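Sequential numbering from 14 applies to the sequence shown in our numbering.
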Amino acid sequence: MRSTKQCNPRIMQGVASIASVASVASVADGVVLPVAIIRRVAREEGLSECYFNETSRVISFARAGESFERVRFNVYYTTGTVGTCLNHPRQGRTQLFRRNVRTLEDLREIFQKPRVHTGKGYQRRPIDSHSHQHCHEEGRSLSPLWIKKNFPVGSRAYVRGYSNCTIQSGMDNGGKVKVLYDDGSSYRAKPTMLEEVMEEILDEETAAKQQLQSLEAERSQIDQQIQEAKGILNHFEEKRRLEEAKRLEKKRLAEEREEQEAKRQQVARLVAAIDSERAKRGTLFSGFVDQADFVSKQFDETVTVISTSGNATILLYEGGSWACTSGITKLLHNKLNGRQRTLPKPTYVAIGSMDRYYIRF
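In structure tokens:
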């Protein structure tokens, strides 16, 4: 319940005077922002006092902001914390707390710019499910039917600049409705003064606890949203990874084909060179030699050298191997037969009579 409310303009001055005296007396009790000074600054900035609770040590002011949204300032005068209630563009109805507001300049700046951030505050999630938008425009004439539909008899409302109330009657001939304030007093208010009921102002500690609970509840949702966002990013990352793997595989296959083609061309050149060399030295032989059948079987196109002495014949091949008939001189046979594979291969040989021979490696 509100401990003090504004009833009408005629008694506002007396209430302000009493509150001013109380605020001066409370400075010694640890008040950071004297209530009288807060009221003066708020009045200079065009704000109307709408709530004062000595138990919670909070005083509130309200005005119509952009697009007639309700903007309310809750000043916790013993701690220097100012809560600004407004519509957040993403989060809806929120309360932004600014702590350690200890100068009139800071307080005035907050009153002038509700969304200003001092770097000292913390934010609370939506404080109710309503946007608390104004249900009227100044100077607009509202019909009895509109009043009956939006504020029927028995419904709750907020008289702008005063307090919460209950609607007692419809619009009379004077264009006003009878309202009953929570303290039992009644008043006839213009329909343009009616707004949605303001929620009860919490003390700073309770508001901070609710903020912590809201943030903890929101954290799981944020974590889930983060995981979903990571999942989307991982999807695109995996897609890029697969595309990169395909690109690398395509590149590898292309390089492999190029390498195979290079080897094929190299082999083709080598075969062409061998064929050219074979054509130059010839691929056939004719003559009369001993052991002609053996020589014919051993002879093929890979023979690079053939030499005969009439009684014996020796053949050298492209790979460095050799073959011979019986009757070859023992010295030459031993030189070829016992030669290590790591030594140079024979490239030319000639044999003659009297066990003579010539060999080149």
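For each residue, glycine too, the CB sits at the ideal point set by N, CA and C. On a predicted model such as this, the values are computed, not experimentally measured, just so you know.
Provide the residue span of the alpha helix (DSSP H) that contains I1, from first to last. Any question about residue 1 goes unanswered here, given that the chain covers just 14 to 374.
Could you have a look at A305 and say whether DSSP puts it in helix, strand or coil? helix
Are the beta-carbon atoms belonging to Y361 and R352 less than 9 Å from one another? no
For a minimum of 3 consecutive residues, which ranges assigned as the beta strand (DSSP E) are wholly contained in the segment 157 to 206? 169 to 172, 177 to 180, 190 to 194 and 199 to 202
Can you find a heavy atom of the ligand MG that lies under 8 Å from the Cβ of I50? For the ligand MG, the structure offers nothing, since it holds no ligand at all.
I need the straight-line Cα distance from K276 to E290, nearest angstrom please. 21 Å
Any beta carbon from chain C within less than 9 Å of E122's own beta carbon? In the structure shown, chain C does not exist; there is a single protein chain.
How far does the beta strand (DSSP E) with L356 in it extend, from its first residue to its last? No beta strand (DSSP E) contains L356, which DSSP labels as neither H nor E.
Pull up the CB-CB distance for L207 and F164, whole angstroms please, since I reckon it's below 8 Å. 5 Å
In three-state DSSP terms, what is V45? coil
Contact under 9 Å by Cβ, S73 with E57: no
Let me confirm a value: I327 is counted as buried when at least 16 other C-beta atoms fall within 10 Å, else exposed. Which label applies? By the neighbour-count definition (other C-beta atoms within 10 Å, threshold 16), I327 is a buried residue.
Which stretch, first to last residue, makes up the alpha helix (DSSP H) that contains F124? Run containing F124: L117 to Q125, per the alpha helix (DSSP H) assignment.
Return the bridge partner residues of T326 from the DSSP annotation. DSSP output for T326 lists T321 as bridge partner(s).
Please classify Q224 as buried or exposed, where buried requires at least 16 other C-beta atoms within 10 Å of its C-beta. Buried: at least 16 other Cβ atoms inside 10 Å.
Contact defined as beta carbons within less than 8 Å: I believe V54 pairs with L117. What is the distance between those atoms, to the nearest angstrom? 6 Å
With a 10 Å radius around its C-beta and 16 neighbouring C-beta atoms as the bar for buried, classify A305 as buried or exposed. exposed
With the cut-off set at 9 Å, would you say R115 and V45 are in Cβ contact? Yes.
If you draw a straight line from the C-alpha of L228 to the C-alpha of G244, how long is it? Just so you know, the alpha carbons of L228 and G244 end up roughly 23 Å apart.
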